[in-house]
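Chemist:
There are 2 protein chains.
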Amino acid sequence: MTDSVDPATRARAVQAARGAAPFDLLLAGGTVVDVATGELRAADVGIVGPLIASVHAPGARGDAARVLDVAGRWIAPGFIDSHLHYESSLMTPADYASVVVPAGTTTCVWDPHELANVLGLAGVRWAVEASRHLPLRTLVAAPSCVPSAPGLELAGAEIGPAEMAEMLSWPEVVGVAEVMDMPGVLRGTPHMQGIVGAGLAAGKNVNGHARGLLDADLQAYATAGVTSDHEITATEDFLQKLRAGLTVELRGSHDQVLPGAVAALATLPLLPPNLVLATDDVFPDELLAKGGLRDTIARVIARGLSPIAAIRLATLHAAMRLKRDDLGLVAPGRRADLVVLSDLATVRVDRVLVGGKLVAEAGALLAPPPRRADAPTDTMKLLPQPTAAFRLRVRGVQDGRARLRRILGARFVSWGEIEVEIRDGVATPPPGHAVLTLIHRHGRAPATPRTCLTDGWGEMRGAIATTIAHDSHNLLVLGGTAEDMAAAANAVIAAGGGMAVAAGGLVTALLPLPIAGLLAETPPAETAERFARLRQAADAVCDWLPPYRVFRGITGISLACNAGPHLTDLGLTDGSTGQVYDPAEPLMA
Amino acid sequence: MTDSVDPATRARAVQAARGAAPFDLLLAGGTVVDVATGELRAADVGIVGPLIASVHAPGARGDAARVLDVAGRWIAPGFIDSHLHYESSLMTPADYASVVVPAGTTTCVWDPHELANVLGLAGVRWAVEASRHLPLRTLVAAPSCVPSAPGLELAGAEIGPAEMAEMLSWPEVVGVAEVMDMPGVLRGTPHMQGIVGAGLAAGKNVNGHARGLLDADLQAYATAGVTSDHEITATEDFLQKLRAGLTVELRGSHDQVLPGAVAALATLPLLPPNLVLATDDVFPDELLAKGGLRDTIARVIARGLSPIAAIRLATLHAAMRLKRDDLGLVAPGRRADLVVLSDLATVRVDRVLVGGKLVAEAGALLAPPPRRADAPTDTMKLLPQPTAAFRLRVRGVQDGRARLRRILGARFVSWGEIEVEIRDGVATPPPGHAVLTLIHRHGRAPATPRTCLTDGWGEMRGAIATTIAHDSHNLLVLGGTAEDMAAAANAVIAAGGGMAVAAGGLVTALLPLPIAGLLAETPPAETAERFARLRQAADAVCDWLPPYRVFRGITGISLACNAGPHLTDLGLTDGSTGQVYDPAEPLMA
């Protein structure tokens, strides 16, 4: 329930609180953001070791080894990000910490879902190890849906009830991560009952992903034992989920739902204690520019929630959800994880303390954590691909015409058919269409390319290749010509994973992600810059059309757990029917 | 974190929630008290096994093995009493449950502090065993201060850090019970550091007793690792303790603090989630008449808190304090511990369900739990006493006068001296004084009577004897003459413990408490009636003068942990100085 504290240090803190010993550090002259009572109170904060020893009247004490003047500043508890994937930032835990800790996040719950899809339990184990000794308390949740759509895709590993129980036995693992297989939970498959049951048996949080669930299905999902959700889409499901007692992890990455959610809160007689904040997925450039949860809190305030209530969601409520009595408050006996704010309403972070130590000032860590040498690289089990791998070779037709299945749409997809012209066994992409190829890259099956047509991305003036391809993270290539697709794909393969853009047969941008094909080894600023350049290069080869056609949508082309057509290493799949089609197989006339 | 649920039953509940199977029970036509959002919502509640499977629109479902019409009624979560001592009710767990469950209490945290002082770990073990299979979920906290004042009294046992760790290793024990030795915590004695440390190491709640603590001492007490308090005396310490992040267990037994507390809440911008309700100590007759926590909730509402907020304190907030995701809400997946109210503001309880079963209706359990045969009786290790045992025999003076220490006051005591006349070695009680005798009754030391004078109780017209004598529960006798004192004492000894009143040399009332000398074997109504009769008999021999001289004060005469003079089996003690005096030793002139 709490981080352990050396008894001698605690004893010293007790004596310091009484006035019988000096503090190690005193924050003097500030205003405490008391998220328990909702008050802003002028108070000094005395710290001993990692603990807040005393919160007392301004000026009452001066005996401290060091005094930090925080006059005109607010002292809030360290922010707790209730749900996120480091992988979305393309950063290792150490790099991620170096970005978000200066912005006030001191604790987070990490679901290393993408690492697990590539590396299985070894990936989660690495997530645990790489999270040690950081200024960011990283609580790891055990990925529950690896692969996201069993039978529809081949990921790098499988996680079943036994693997889940194994991970939950690790003390660093705080719960079952978002349970995405909603149909499995609702139908009560032995697989999902086993995974949720392992979480219940371990007495750890079972976290949810209740996308679109309402009414009877929502009740059933909660009854199964899932106790949270971050997939809020509108005011209606926001309220239904709060009423169902789920801990709602309102997320910053879906800005469009925040106004309705804040307006709905104003209609409730009491602020629900089962409401917390989360970032979920943030790209590296945005993370560097805005700071993660800090930005979410600021936007919730901008939408009309009081600063203290907004900060409460991200501190005390989150600590209660985590059953941590030592976090979430500026109060004696709690961990001295503190954020000093120079502006409350905009959540401008001045300094950050973690475990009683000043760790960040003016937007930067004072001592960045060391880089690790044990990151899992060498996960690209795929040889360079010939151009032919990216041609749509229609089965059993040498020359002539055939009807094929195709994907209609980009972000919101549906099934379609189209007649194509075939020469030397290869279909010519019709006008307005792009080619999609997906190749297994985990070495667990032959690397047979699966290729289909889509009208969702318009006509491509080049190609985009990526090993970030949810959720199995095989190699996905989207392009106009086989030459560009091969160029982009082979750049990614040579880099050991990553993203690349090609045009005119040449690579125009490359973002190497050699750690599991998901994370960069470069420093955050460089990663962000390379990512921004890659997006620019992608802009040059594709016309976006938000919200339907967005960069983020590319990595979701293979997200087989969702309804409608998605391309995986097994073929064209449908998450709602569980069917897999060979995209090269002509349809009957 | 949760009570276990048979996976097959949970699977059936999921299917029922979806509409693919019928409910076992449906509460139809009621209004749900949604303590998460603060709403009152018309909704039906479907139950499967011990679980709430679905909370849905009125009339949406009718398929249930049984339908309970709750039209015009409110459906609230079962009440959770965050801190109490069954011993104050003089009832066994089964009897206690039969009284409070019909009044809506479905979960409580029991500190069997008195049993532990008589029986040590065996008493706590019995508390755990006797709490099984009741309609009242009894979560046992491990008594931390046995005896309450080490060195000043001899209880039936001692509990140190090793015994605390042993109790905390039992899964039924949810935490360290109220840490009463505040000076030990503040000074940092190895004994109290060890006891609090055992709780922190076990990751279980360390509950407090922070009587009178404010400012620096309060900060130090919280920093030591204690996370709750129920000893609220005024608005100032109420607010200070909330601000210190302690979970404040506002208690019904101290009605005088409720108006100030509720008024203070109205001044806070947010309702603190670290506020819960508790009964602590309730006498049997009052418990039967008012129903325990139900009455506390009603009084908090009467003082001005909204019914939903008041019920939230006693349900969801308490569940969060206990880190129980399965309690505290009328929501899917939670335990179907439900209270059906016929009036919200006065908390009139109509029916009670526990674990999905209707267990109480119209103020009575439908099936009272069976009585146990293993209660610990035979704890009165004391032979009948001669009249001489109750005479104040002054040391070294046969005839003449001597100055002796005496107790000034009754409930609020201070040290005094008085000159007495001595004949044949025995002091004559001066006018306005009564005699106090305390005799060790646990067989761990010779049964040497300790006798002194007190002006706090006026002149007694008889005697009162009791084995409820906080906290060591030795035999305490207060009276005017040695003959009356012997009569009352010997009645109690013969009963194996209890309370008795004597006048004119005859016993006028007897309340046998043969279980540990603390609890009755009689049914609750009989116990309450006997207790009421005993109080009437006591009224005839003593003039009360509230708040200074009250019946409850008698059992506190021996409460050695408190400051000022208290009589124990070792002598006249002072909790603030740690000194023990022989009350029979004359003072120098």
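So the protein lines, in turn, are chains A and B.
Each residue of the first sequence is one higher than the last, beginning at 1076 in this note's numbering.
Each residue of the second sequence is one higher than the last, beginning at 1076 in this note's numbering.
Don't be surprised by glycine CBs; every beta carbon is placed ideally from N, CA and C.
These numbers were taken from a predicted model, which means no experiment stands behind them.
(1) Identify the contact partners of residue 1386/B in chain A, using a Cβ-Cβ distance below 7 Å as the criterion.
(2) Sort 1174/A, 1138/A and 1561/A by Cα distance to residue 1360/A and report the nearest one.
(3) DSSP state of residue 1633/A, grouped into three classes?
(4) Can you pull the chain A residues whose beta carbon is under 7 Å from the beta carbon of residue 1586/B, in chain order?
(5) Nearest-angstrom Cα distance between residue 1521/B and residue 1186/B?
(6) Assuming residue 1140/A contacts residue 1099/A under a Cβ cut-off of 8 Å, what Cβ separation, rounded to an integer in Å, is found between them?
(7) Would you tell me roughly how many angstroms separate the C-alpha atoms of residue 1471/B and residue 1659/B, rounded to the nearest one?
(8) To which residues does DSSP link residue 1280/B through a beta bridge?
(9) Mind checking residue 1602/A: buried by the 16 CB within 10 Å criterion, or exposed?
(10) Between which two residues does the alpha helix (DSSP H) harbouring residue 1334/A extend?
(11) Taking a contact to mean a Cβ-Cβ separation below 7 Å, would you say residue 1557/B touches residue 1633/B in this structure?
(12) Identify the continuous beta strand (DSSP E) that holds residue 1574/A and give its terminal residues.
(13) Should the stretch 1319-1330 of chain A be called in touch with the stretch 1567-1581 of chain A, which here means at least 3 C-beta pairs below 8 Å?
(14) Taking contact to mean at least 3 C-beta pairs separated by less than 8 Å, is the stretch 1450-1466 of chain A in contact with the stretch 1143-1155 of chain A?
(15) May I ask you to list the residues that DSSP assigns as paired with residue 1475/B?
(16) Give the secondary structure of residue 1524/A by DSSP, where H, G and I count as helix, E and B as strand, and everything else as coil.
(17) To which residues of the same chain is residue 1562/B closer than 6 Å at the C-beta, ignoring the five residues directly before and after it?
(18) Please report the Cβ distance between residue 1285/B and residue 1293/B, rounded to the nearest whole angstrom; I am assuming they are in contact, meaning their Cβ atoms lie under 8 Å.
(19) Cutting at 7 Å between CB atoms, please list the residues of its own chain near residue 1590/A, excluding the five before and the five after it.
(20) Out of curiosity, what's the CA-to-CA distance linking residue 1478/A and residue 1443/A?
(21) How long is the line joining the alpha carbons of residue 1415/B and residue 1376/B, rounded to whole angstroms?
(22) What runs of the beta strand (DSSP E), each 3 residues or longer, lie entirely inside the stretch 1146-1227 of chain B?
(23) Output yes or no for whether 7 Å exceeds the beta carbon distance between residue 1219/A and residue 1199/A.
(24) Would DSSP call residue 1432/A helix, strand or coil?
(25) Helix, strand or coil: which one does DSSP assign to residue 1718/B?
(26) So within the stretch 1597-1641 of chain A, which uninterrupted alpha helix (DSSP H) runs reach at least 4 residues, ignoring any that extend past its ends?
(27) With a 10 Å radius around its C-beta and 16 neighbouring C-beta atoms as the bar for buried, classify residue 1238/B as buried or exposed.
(28) Mind checking if residue 1398/A is an interface residue toward chain B, Cβ cutoff 7 Å exclusive?
(29) Decide if residue 1492/B is buried, meaning its Cβ has at least 16 other Cβ atoms within 10 Å, or exposed.
(30) At a Cβ cut of 8 Å, what residues of the stretch 1393-1419 of chain B count as close to chain A, listed as they run along the chain?
(31) What in chain A is Cβ-close to residue 1383/B, meaning under 9 Å?
(32) Please tell me whether residue 1157/A has its Cβ less than 7 Å away from any Cβ of chain B.
(33) Which residues in chain B have a C-beta closer than 8 Å to the C-beta of residue 1090/A? List them in chain order.
(34) Using a Cβ-Cβ cut-off of 7 Å, state whether residue 1152/B counts as contacting chain D.
(35) Would residue 1112/B pass as an interface residue toward chain A - the criterion being a Cβ-Cβ separation below 7 Å?
(36) If you draw a straight line from the C-alpha of residue 1646/B to the C-alpha of residue 1637/B, how long is it?
Modeler: Reading off the structure:
(1) Those do not exist, as residue 1386/B stays about 11 Å from chain A at its closest Cβ, beyond 7 Å.
(2) 1174/A
(3) coil
(4) Per Cβ cutoff of 7 Å: no residues; residue 1586/B is ~41 Å from chain A at best.
(5) 29 Å
(6) 5 Å
(7) 9 Å
(8) 1250/B
(9) buried
(10) 1333-1342
(11) no
(12) 1573-1578
(13) no
(14) no
(15) 1497/B
(16) coil
(17) 1577, 1580 and 1582
(18) 6 Å
(19) 1167, 1450, 1451, 1452 and 1596
(20) 57 Å
(21) 17 Å
(22) 1149-1152, 1154-1159, 1180-1185 and 1212-1217
(23) no
(24) strand
(25) In the structure as shown, chain B starts at 1076 and stops at 1664, and residue 1718/B therefore has no counterpart that could be examined.
(26) 1599-1616 and 1626-1629
(27) buried
(28) yes
(29) exposed
(30) 1395, 1398, 1400, 1404, 1406, 1407, 1408 and 1409
(31) 1344 and 1345
(32) no
(33) 1263 and 1295
(34) Among the chains of the structure shown, chain D does not appear; the protein chains present are A and B.
(35) yes
(36) 15 Å
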